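Novice: Pasting a structure here, questions to come.
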Amino acid sequence: MPSLRQLLAAHAPVLLLDAASSRVQAGWLPGPDLAQSRWATSDEETGVGLFRSVEALGVDLGAAGAFVFCDGPGSVLGIRTTAMALRTWGILRARPMFAYSSLALVAHALGRPEIGVIADARRELWHHYNLGGKLRRLPTAELTGELVMPARFRHWSQPPAGLTEVPYALADLLPCVADADLFRPTDAPDAFLHEEPSYVTWTPQIHRAPAAP
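Our numbering puts the first residue of the sequence shown at 1007, with every later residue one more than the last.
Written as structure tokens, this is what we have:
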């Protein structure tokens, strides 16, 4: 997987979109010097905030050499709205697309393997990532050690005791991870899934009135 610096050297300028939290973040990265990046954010729902943020950047989408986006964990609706926009823009003009993990990004920026970065996975389960480890899904009872959660990440389950919230501002995080191999090429942008969904099959039957006694 390429690092952000390698990705920008090969494809800049790049449009980066992140709707994993309740705050949409859009960035225009013109080259490896991240100090020249431009950012726009929106707290509106993703279907509106995403496009207003891109508009606020004042850039020509046609000039983007690649798209980068967060595929989760985080707001599934926000991520899928972003993926839909990228698939549409990719049809208008094909270009490389890259995905990254929100929790891996935070963990690499913190640089401390003993810290677990978590996000709600619903039904008393949590996405969990340690630097150098793998993204896992754990029940609340199995969450141990020092834990942090990115700011503005929604949760439905009761957070574990001692959980600390950490900033999730890409303008500050990305320079800390510019050389980390966090970005995966994809030709089908979508939300991250731990496993593909399974479906129960059923045999259709014609409805009949109950038999007379």
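We treat Cβ as the ideally placed atom computed from N, Cα and C, and that holds for glycine.
All values reported here derive from a predicted model rather than from experimental measurement.
Tell me whether the beta-carbon of residue 1125 lies closer than 9 Å to the beta-carbon of residue 1055.
Specialist: Contact flag unset, no.
Novice: Which one of 1009, 1038 and 1104 has the shortest CA to CA distance from residue 1198?
Specialist: Nearest C-alpha to residue 1198: 1104.
Novice: Could you give the residue range of the beta strand (DSSP E) that holds residue 1099?
Specialist: No beta strand (DSSP E) holds residue 1099; DSSP gives it neither H nor E.
Novice: Jot down the residue ranges of each uninterrupted alpha helix (DSSP H) in the stretch 1045-1126, minimum 4 residues, whole runs only, in chain order.
Specialist: List check, alpha helix (DSSP H) in window: 1052-1063, 1082-1098 and 1108-1116.
Novice: Within 8 Å, do at least three Cβ pairs link the stretch 1020-1029 to the stretch 1043-1061?
Specialist: Yes: the two stretches touch, three or more of their Cβ pairs being nearer than 8 Å.
Novice: In chain order, what residues of the same chain lie with their CB nearer than 7 Å to the CB of residue 1181, ignoring the 5 residues before and after it?
Specialist: 1040.
Novice: Rounded to whole angstroms, how far is the Cβ of residue 1070 from the Cβ of residue 1021, which I believe are closer than 8 Å?
Specialist: The Cβ separation is near 4 Å, so the contact holds.
Novice: If we require 4 or more residues per run, which alpha helix (DSSP H) segments fall completely within the stretch 1135-1159?
Specialist: With a minimum length of 4 residues, no continuous alpha helix (DSSP H) run stays inside the stretch 1135-1159.
Novice: Between the stretch 1111-1118 and the stretch 1080-1097, are three or more C-beta pairs nearer than 8 Å?
Specialist: Cβ pair count under 8 Å is below three, so no.
Novice: Classify residue 1024 as helix, strand or coil using the three-state DSSP reduction.
Specialist: Strand at residue 1024.
Novice: Out of 1076, 1194 and 1131, which one is the CA nearest neighbour of residue 1164?
Specialist: Answer by Cα proximity: 1131.
Novice: Would you kindly check if the distance between the Cβ of residue 1009 and the Cβ of residue 1187 is under 9 Å?
Specialist: Taking 9 Å as the Cβ cut-off, residue 1187 and residue 1009 qualify as a contacting pair.
Novice: Let me check one thing: in DSSP terms, what residues is residue 1168 bridge-paired to?
Specialist: DSSP output for residue 1168 lists no bridge partner at all.
Novice: CB-CB under 6 Å to residue 1196, same chain, minus the five flanking residues each way: which ones, in chain order?
Specialist: For residue 1196, where only same-chain residues beyond five positions count, the Cβ hits under 6 Å are 1089.
Novice: Nearest CA to the CA of residue 1152: which residue from 1160, 1136 and 1141?
Specialist: Cα-wise, what sits closest to residue 1152 is 1136.
Novice: Between the Cα of residue 1157 and the Cα atoms of 1169, 1117, 1068 and 1142, which residue gives the shortest distance?
Specialist: When each option's Cα is compared against that of residue 1157, the closest is 1169.
Novice: Taking DSSP as the reference, what is the three-state secondary structure of residue 1035?
Specialist: In this structure, residue 1035 counts as strand in the three-state DSSP scheme.
Novice: Spatial neighbours of residue 1184 within its chain, please: C-beta separation below 7 Å, excluding the five flanking residues on both sides.
Specialist: The answer, listed in chain order, is 1009, 1010, 1011 and 1040.
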